[in-house]
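Okay, structure first, notes after.
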């Protein structure tokens, strides 16, 4: 009986761990070319930094809607920024007056007009369980 209890406890622990996922659904990808630069931030002081993300993911664009699954992320407040680097040059390209030339998006589908977004506007709380977040790219 004790062995059965230990086995059941082990199965429950494995199941709980596999449910701890942050799933990012990225929609409105306008062309299958280039790369997605995905920055996950846990610190408002470095939000949008190109070098100080909590997690950085570089993903080749292979469809018009993509799914990013992150299995190992602790509970906490986060904000996400995504850039669709169409020409794979590793940076956001701009047209006049600093207007982005390439598609981008933020958690909470924030659309800041004529300014950079703030962490507080894009943040969400991840409780350590399965959580889906959709980000619609702006172009």
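Numbering (the numbering used here), first residue to last: -15 to 123. The beta-carbon is built from N, C-alpha and C at its ideal position, and this holds for glycine as well.
From the DSSP output, in three-state form, read off residue i for me.
| i | result |
| --- | --- |
| residue 18 | coil |
| residue 84 | strand |
| residue 103 | helix |
| residue 7 | strand |
| residue 116 | strand |
| residue -3 | Per-residue confidence for residue -3 stands at a pLDDT of 45, beneath the threshold of 50, marking its modelled position as unreliable; the derived number appears in the next sentence. Residue -3 falls in the helix class under three-state DSSP. |
Buried or exposed: residue i, going by 16 or more other Cβ atoms within 10 Å of its Cβ?
| i | result |
| --- | --- |
| residue 110 | buried |
| residue 42 | exposed |
| residue 45 | buried |
| residue 80 | exposed |
| residue 23 | buried |
| residue 49 | exposed |
| residue 63 | buried |
| residue 77 | exposed |
| residue 82 | exposed |
| residue 89 | buried |
| residue 96 | exposed |
Could you tell me which residues DSSP pairs with residue i in its beta bridges?
| i | result |
| --- | --- |
| residue 132 | This structure gives no information on residue 132, because the portion of the chain shown stretches from -15 to 123. |
| residue 53 | 7 |
| residue 110 | 60 |
Within a Cβ cutoff of 6 Å, which residues of the same chain sit near residue i, ignoring the five residues on either side of it in sequence?
| i | result |
| --- | --- |
| residue 115 | 6 |
| residue 36 | 30 |
| residue 57 | 6 |
Return the chain-ordered list of same chain residues with a C-beta closer than 7 Å to the C-beta of residue i, the five sequence neighbours on each side being excluded.
| i | result |
| --- | --- |
| residue 92 | 105, 106 and 108 |
If I measure Cβ to Cβ from residue i and keep anything under 8 Å in the same chain, skipping five residues before and after, which residues do I get?
| i | result |
| --- | --- |
| residue 117 | 6, 7, 8, 9, 64, 91 and 108 |
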